[in-house]
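J.:
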Amino acid sequence: MTVPPGPRGLPVLGMLLAVRRDPIAVFRNAAARYGDVVSFKIGPRHGFLITNPADVRHVLQDNARNYHKSPLYEKLRSSIGNGLLTSEDDFWLRQRRIAQPAFHRQRIAALASVMDDAARDAADQWTSLAASGRPVDVAEEMMRLTRTVVVRALLGADLGPFAARIDPAWTVINEFVGENFWSLGFTDRWPTPKYRRFQTARAVLRGAVDHVIDQRRKHPTESSDLLSLLLSARDEETGESMTDEQLRVEVTTFLLAGQETTSLALTWTWYLLSQHPATRQRLEDEIDRVLDGRPPEYADLSQLPYTRMVIDESLRLYPPAWGFSRQALSDDVLGGYRLPRGWLAFVVPSVLHRLPAFWTDPDVFDPERFLPERSADRPKFLYVPFGAGPRQCIGNHFALIEAQLLVATLAQRYRLHLVPGHDAQPWPLITLRPRFGMPMTIEPR
Ligand code: HEM
Numbered sequence: 168m169t170v171p172p173g174p175r176g177l178p179v180l181g182m183l184l185a186v187r188r189d190p191i192a193v194f195r196n197a198a199a200r201y202g203d204v205v206s207f208k209i210g211p212r213h214g215f216l217i218t219n220p221a222d223v224r225h226v227l228q229d230n231a232r233n234y235h236k237s238p239l240y241e242k243l244r245s246s247i248g249n250g251l252l253t254s255e256d257d258f259w260l261r262q263r264r265i266a267q268p269a270f271h272r273q274r275i276a277a278l279a280s281v282m283d284d285a286a287r288d289a290a291d292q293w294t295s296l297a298a299s300g301r302p303v304d305v306a307e308e309m310m311r312l313t314r315t316v317v318v319r320a321l322l323g324a325d326l327g328p329f330a331a332r333i334d335p336a337w338t339v340i341n342e343f344v345g346e347n348f349w350s351l352g353f354t355d356r357w358p359t360p361k362y363r364r365f366q367t368a369r370a371v372l373r374g375a376v377d378h379v380i381d382q383r384r385k386h387p388t389e390s391s392d393l394l395s396l397l398l399s400a401r402d403e404e405t406g407e408s409m410t411d412e413q414l415r416v417e418v419t420t421f422l423l424a425g426q427e428t429t430s431l432a433l434t435w436t437w438y439l440l441s442q443h444p445a446t447r448q449r450l451e452d453e454i455d456r457v458l459d460g461r462p463p464e465y466a467d468l469s470q471l472p473y474t475r476m477v478i479d480e481s482l483r484l485y486p487p488a489w490g491f492s493r494q495a496l497s498d499d500v501l502g503g504y505r506l507p508r509g510w511l512a513f514v515v516p517s518v519l520h521r522l523p524a525f526w527t528d529p530d531v532f533d534p535e536r537f538l539p540e541r542s543a544d545r546p547k548f549l550y551v552p553f554g555a556g557p558r559q560c561i562g563n564h565f566a567l568i569e570a571q572l573l574v575a576t577l578a579q580r581y582r583l584h585l586v587p588g589h590d591a592q593p594w595p596l597i598t599l600r601p602r603f604g605m606p607m608t609i610e611p612r
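In my numbering, the protein residues as written are 168 to 612.
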């Protein structure tokens, strides 16, 4: 078995500089040129980009035991700690089991009213923004809205004095980790102004998380929300509860993982709708017909299939978790090639979701490709905005229900228009943000 084909890149550095500049373009071009399995050298790391759904399934699900999250997650771990998103093996499994009940379908259905309320509050606040005619950064608006939902629904809290500081802090962390993602780590901690800003941002985040935990300890509730589960969890063998530090890490993980990705899904959805008036019209028609002017509730969601398809299609074109990676614990075989122990496997939704071999007109926004009859034959592991296998996103149903409710609530009352000439360029940091924000004007319907 030879090594699969792939771009050679520079001596020693391999594809490091190219990947740092524009990872999505590099991976997309490589898949187009070299096929299903592409060999990469990125600095000192070697790995395969895999784009055959059978190989994706093998790595994420069938042989998931042979893989850990790749060393690239180390940067995330050193920013938010070793929690559900970044930990491995027995420790991960224990944390996942503790949190899982908070995400059962019935439990999420019960939280839908929290989502409704937050969406209605935002819609009310937009009245004056719309009247002013001034553009707003919809990326920031969505960040605020999804943070409110996560904080209220999962942590039963409010962030008090930290509310206004946490979104800018997370932006600093995302940019710092995202820009250093591919670096070798030697220069990450040099006391540059960027590093100092990163440290300040981490302190803000920590303060916010401590505030949430302290509030709950001072005012315990009967609620069985996520925070209660984390606080009351006891180790089966020792009977001990989570340490304060571990609790902090998990609350931070949920705060960030729950807010950031969902807000980006919504931001890209508003962008796409603004560029496709006919689709927006269909969406509004569905919402108006089903709801007849009253605010949407959880029970309405099954009657809003087009709204859901719009979100699915937005997650296809702009997957907030644009790429992830694993490291092989022992040798494996992918697409007929031997992947040596220690090498990485790159699973890149931004590439998989637009493979011309599987998607007709891959770059075209076409929500109806998610009609049941048009998706029936599509391989499951070709569309993985939430990952797959045991490490699949724990919040996927939560996020989809939230997105559907928020889109229906806001589109019922407003139309959003991208400021003319604005460059809505995707920026692949840890998540796929719009590089220059998303300034839009709000028109009442
Ligand atoms: C559109 C919204 C979302 C997207 C696109 C998304 C995407 C993902 C992806 C791709 C992974 C797997 C990463 C990997 O395999 O390396 C993941 C894991 C995770 N997500 Fe999400 N997510 C979203 C919303 C949420 C929400 C709302 C929450 C919580 C409230 C959440 C919490 C988590 C956690 C804790 C993990 C780690 C799970 C584990 O490893 O056991 N996510 N997410």
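Just so it is clear, CB atoms sit at the ideal spot from N, CA and C, and this is done for glycine as well.
1. Once you ignore the five residues that flank Ala-297 on each side, which residues in its own chain have a CB closer than 7 Å to its CB?
2. Assuming Asp-203 and Thr-218 form a contact by the criterion Cβ under 8 Å, report the distance between their Cβ atoms to the nearest whole angstrom.
3. Confirm, please, whether the CB-CB distance from Leu-422 to Val-371 is below 8 Å.
4. Look up Leu-522 in the DSSP assignment and say whether it is helix, strand or coil.
5. Please indicate yes or no: does the CB of Glu-340 lie closer than 7 Å to some heavy atom of the ligand HEM?
6. Do Met-310 and Asp-334 have their beta-carbon atoms positioned less than 8 Å apart in this structure?
7. For the candidate residues Arg-274, Phe-537, Gly-425 and Tyr-465, whose alpha-carbon lies nearest to that of Leu-251?
8. Does at least one heavy atom of the ligand HEM sit under 7 Å from the Cβ of Gly-554?
9. Using 7 Å as the cut-off, classify the Cβ of Val-317 as near or not near the heavy atoms of the ligand HEM, replying yes or no.
10. At a threshold of 7 Å, does Lys-236 count as lining the ligand HEM (C-beta to nearest heavy atom)?
11. List the DSSP bridge partners of Gly-588.
12. Thinking just about the alpha-carbon of each residue, which of Glu-569, Gly-556, Ala-578 and Val-574 is nearest to the one in His-235?
13. Roughly how far, in whole angstroms, is the beta-carbon of Val-574 from the beta-carbon of Leu-393, given that I think they are within contact range, below 8 Å?
14. Would you identify the three-state DSSP class for Asp-467, choosing helix, strand or coil?
15. Excluding five sequence neighbours on each side, which residues of the same chain lie with their C-beta closer than 6 Å to the C-beta of Ser-481?
16. Closest by CA to Leu-572, which one among Pro-462, Thr-419, Thr-338 and Phe-365?
17. With three or more C-beta pairs closer than 8 Å as the rule, is the region 172 to 187 touching the region 583 to 592?
18. Would you check whether the ligand HEM has a heavy atom nearer than 7 Å to the C-beta of Ile-561?
19. Please list, in chain order, all residues of the same chain as Pro-507 whose beta carbon is under 6 Å from its beta carbon, the five residues on each side excluded.
20. What does a CB cutoff of less than 6 Å around Val-303 pick up in its chain, not counting 5 residues either side in sequence?
21. Just tell me which of Ile-191, Gly-604, Arg-369 and His-378 has its CA closest to the CA of Phe-329.
22. Cα-Cα, which of Ile-209, Leu-227, Thr-420 and Lys-385 is closest to Leu-239?
23. For a quick check, are the C-beta atoms of His-443 and Leu-484 less than 8 Å apart?
24. Go ahead and pull the three-state DSSP assignment for Val-500.
25. Could you pull the DSSP bridge partners for Phe-537 from this structure?
26. Look up Met-607 in the DSSP assignment and say whether it is helix, strand or coil.
27. As a quick exercise: from Asn-347, Trp-357, Gly-327 and Ser-430, pick the residue whose alpha carbon is nearest that of Arg-383.
28. Considering just the uninterrupted stretch of the beta strand (DSSP E) at His-213, what are its terminal residues?
29. Ordered along the chain, which non-local residues of its own chain (more than five positions away) have a Cβ less than 6 Å from that of Gln-262?
30. When the Cβ atoms of the region 265 to 284 are set against those of the region 447 to 455, are three or more pairs found closer than 8 Å?
31. How many Å lie between His-213 and His-584 at the Cα?
32. State the DSSP-derived secondary structure class of Ile-568, mapped to helix, strand or coil.
33. What are the boundary residues of the beta strand (DSSP E) that includes Leu-326?
T.: Taking the structure as given:
1. As a first step, residue 297 is located in the sequence shown; it is residue number 130 there, counting from the start. Closer than 7 Å at Cβ, skipping near neighbours: Tyr-581, Ile-609, Glu-610 and Pro-611.
2. Here residue 203 refers to the residue found at position 36 when the sequence shown is read from its first residue. Here residue 218 refers to the residue found at position 51 when the sequence shown is read from its first residue. Going by Cβ atoms, the distance from Asp-203 to Thr-218 rounds to 6 Å, so yes, they are a contact pair.
3. In the sequence shown, the residue the question calls residue 371 occupies position 204. In the sequence shown, the residue the question calls residue 422 occupies position 255. No, the pair does not count as a contact, with Cβ atoms beyond the cut-off.
4. Reading the sequence shown from its first residue, position 355 is the one you call residue 522. Residue state, collapsed to three classes: coil.
5. Walking along the sequence shown from the start, residue 340 turns up at place 173. Residue 340 is actually Ile in this sequence, not Glu. Outside the cutoff, so no.
6. Counted from its first residue, the sequence shown places residue 334 at position 167. Counted from its first residue, the sequence shown places residue 310 at position 143. In this structure, Met-310 lies closer than 8 Å to Asp-334 by Cβ.
7. Here residue 251 corresponds to residue number 84 of the sequence shown, with the count starting at 1. Closest by alpha carbon: Gly-425.
8. Stepping through the sequence shown from its first residue, residue 554 is reached at position 387. Yes, the beta carbon of Gly-554 sits closer than 7 Å to at least one heavy atom of the ligand HEM.
9. Position 150 of the sequence shown, counted from the start, is the residue given in the question as residue 317. Within the cutoff, so yes.
10. What you label residue 236 is simply residue 69 of the sequence shown in a count that begins at 1. Because some heavy atom of the ligand HEM lies under 7 Å away, the Cβ of Lys-236 counts as near it: yes.
11. Your numbering for residue 588 matches position 421 in the sequence shown. Answer is none; Gly-588 lacks a bridge partner.
12. Taking the first residue of the sequence shown as position 1, residue 235 is located at position 68. Looking at the Cα atoms, Gly-556 is the closest of the given residues.
13. For the purposes of this step, residue 574 is taken as residue 407 along the sequence shown, with counting starting at 1. For the purposes of this step, residue 393 is taken as residue 226 along the sequence shown, with counting starting at 1. The Cβ separation is near 24 Å, so there is no contact.
14. To locate residue 467, count along the sequence shown from 1; it is residue 300. Helix, per DSSP.
15. As a first step, residue 481 is located in the sequence shown; it is residue number 314 there, counting from the start. Excluding residues within five positions, the ones whose Cβ falls inside 6 Å are Trp-435, Thr-436 and Leu-439.
16. What you label residue 572 is simply residue 405 of the sequence shown in a count that begins at 1. Per the Cα distances, Pro-462.
17. no
18. To locate residue 561, count along the sequence shown from 1; it is residue 394. Yes.
19. Taking the sequence shown and counting its residues from 1, one reaches residue 507 at position 340. Taken in chain order, the residues that qualify are Asp-498.
20. As a working mapping, residue 303 is identified with position 136 in the sequence shown. Leu-296.
21. Here residue 329 refers to the residue found at position 162 when the sequence shown is read from its first residue. Among Ile-191, Gly-604, Arg-369 and His-378, the Cα nearest to that of Phe-329 is on His-378.
22. Position 72 of the sequence shown holds residue 239. When only C-alpha atoms are compared, the closest one is Ile-209.
23. Locating residue 443 in the sequence shown gives position 276, counting from the first residue. Locating residue 484 in the sequence shown gives position 317, counting from the first residue. No, the pair does not count as a contact, with Cβ atoms beyond the cut-off.
24. Counted from its first residue, the sequence shown places residue 500 at position 333. DSSP places Val-500 in strand when its eight states are reduced to three.
25. On the sequence shown, residue 537 is found 370 positions in, with the first residue counted as 1. The partner list for Phe-537 (beta bridge, DSSP) is empty, contrary to what the question assumes.
26. Looking up residue 607 in the sequence shown gives position 440. Residue state, collapsed to three classes: strand.
27. Working through the sequence shown from its first residue, we reach residue 383 at position 216. It is Gly-327 whose Cα lies nearest to the Cα of Arg-383.
28. Position 46 of the sequence shown, counted from the first residue, corresponds to residue 213. Counting along the chain, the beta strand (DSSP E) containing His-213 begins and ends at 212 to 217.
29. As a working mapping, residue 262 is identified with position 95 in the sequence shown. Hits under 6 Å: Leu-251.
30. no
31. By one-based count along the sequence shown, residue 213 stands at place 46. By one-based count along the sequence shown, residue 584 stands at place 417. Whole-angstrom Cα-Cα distance: 44 Å.
32. Here residue 568 corresponds to residue number 401 of the sequence shown, with the count starting at 1. In this structure, Ile-568 counts as helix in the three-state DSSP scheme.
33. Reading the sequence shown from its first residue, position 159 is the one you call residue 326. Run containing Leu-326: none; DSSP gives neither H nor E here.
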